[in-house]
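J.: Would you mind keeping the following structure in view while I ask a few things?
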Amino acid sequence: MRIKVPDIAAPDFWLSNFGKVQDYLLHRLTVGRLHPVGCSALGYPLHVVEYPREGCEKLMILAGTHGHEPGTVAAAMNLIHLAESGEDLAGQPHDDLRSLLERVYIFVMPCLNPDGRIVCPDTFYAQGADTVTVYASGLQKDGSLIPYDSDSPEPLYYFDPQEAVFMGGQFNGAGYAMNRRRSCDASDAVEAQAVFEFVRDRGLAGILDLHACANNFAIQAGSHEPAYWPVLREWQKRAEELFAAKGRSLKPLYGDPPQPTRFHFNSALFHKHARLLFMAYEGRQGYLGRKEWWPVPTEWEIIDDYLSAVRVFLELGAEGRYSRVNREVFGQ
Ligand SMILES: [Zn+2]
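The numbering of the sequence shown is this note's numbering, which starts it at 17 and goes up by one.
Shown next, in the form of structure tokens:
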């Protein structure tokens, strides 16, 4: 039996549907350079868009690691549209962010996990969180959830797709968790490995990885040396001011100071082997059903939260903060 993915309507600026994202990337780019970087486990194309600016810090915005986090893909596509046209997909100018784009050399990967994206709706806006759990985990053949527990000290790294009705957005189509593994030297998820190979020798100073836990917060990565911690704390300080000015909530920096975990995130692989700062930011999804999610933001506010996080990330990058620490930790 197959599941029909529910068609939940989203505004045009919420560009998260994989087919529509591909259509934009293949037909509407006039400024950015499109790089095919391989294929997903199920054979869908992976793309990075490059906006070169010689002499500037090289940074990457990564989105769509988790298929059930469609706002991250939409945010990346709004950033691409801003770089292409000077406005986001809703026609808003974001003057501060746009001027920062002229001070950095950026790569944008809008959808790291197409296999996970296509099994999930285009949005979870105004849905209950139980709905998302189904699409995040996927279903076993008996109709129960695939037992992925992101809060567990030993989460599920792999589930045999032959035993699944569908693999949820936490996984790729081959059954590998997109962002949890025992090794920090390679990724079993071909998508993460492909973008890592693309990044490894390009001299990037930092990567911002967009996620959607339902609240706005950034994470202090346990894989990063203490020399990096003040940089994230500076991001937090500036982001708090920016979010406050917009009347939006931003939670404290999660996991500060970091504690060791028994498993590794993509941050450890990229940090250790590409010698860069890798930071994760979690955004909202517009869920209903808990006080902490109320009042529900508008869809544009969700995108703007991500673009605000990107703005502070680019600002610190343009100031050379990441490369200074990279040199301090890794040498030349
Ligand atoms: Zn995520």
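The beta-carbon is built from N, C-alpha and C at its ideal position, and this holds for glycine as well.
Being a predicted model, the structure only gives us computed values, none of them experimental.
Going straight from the alpha carbon of residue 252 to that of residue 158, what length do you get?
T.: Rounded to the nearest angstrom, the two C-alpha atoms are 44 Å apart.
J.: Taking C-alpha atoms, which residue in 263, 197, 151 lies nearest to residue 20?
T.: Of the candidates 263, 197, 151, the one whose C-alpha sits nearest the C-alpha of residue 20 is 151.
J.: Please report how far the alpha carbon of residue 95 lies from the alpha carbon of residue 65, in whole angstroms.
T.: About 11 Å.
J.: Could you give the first and the last residue of the continuous beta strand (DSSP E) run that contains residue 89?
T.: No beta strand (DSSP E) holds residue 89; the alpha helix (DSSP H) holding it covers 86-101.
J.: According to DSSP, is residue 157 part of a helix, a strand, or is it coil?
T.: Residue 157: coil per DSSP, three-state reduction.
J.: Let me make sure I understand the geometry here. Which of 139, 169, 182, 173 has the alpha-carbon closest to that of residue 156?
T.: Checked all of 139, 169, 182, 173; the closest Cα to residue 156 is 182.
J.: Round the Cβ separation of residue 325 and residue 270 to the nearest angstrom and send it over; I've been treating them as touching at under 8 Å.
T.: With a Cβ gap of about 13 Å, residue 325 and residue 270 do not count as contacting.
J.: CB-CB under 8 Å to residue 293, same chain, minus the five flanking residues each way: which ones, in chain order?
T.: 221, 222, 223, 240, 244, 247, 287, 338, 341, 342.
J.: Got a sec: does ligand 1 put a non-hydrogen atom nearer than 7 Å to the Cβ of residue 139?
T.: Because no heavy atom of ligand 1 lies under 7 Å away, the Cβ of residue 139 does not count as near it: no.
J.: By how many angstroms is the C-alpha of residue 335 removed from the C-alpha of residue 42?
T.: Approximately 33 Å, taken between the alpha carbons.
J.: Under the DSSP definition of a beta bridge, which residues are partnered with residue 225?
T.: 78, 296, per the DSSP bridge assignment.
J.: Relative to the alpha-carbon of residue 192, which residue among 56, 301, 289, 344 has its alpha-carbon at the smallest distance?
T.: With distances taken between Cα atoms, residue 192 lies closest to 56.
J.: Would residue 215 and residue 290 be called neighbours here (beta carbons separated by less than 8 Å)?
T.: Yes. Within cutoff.
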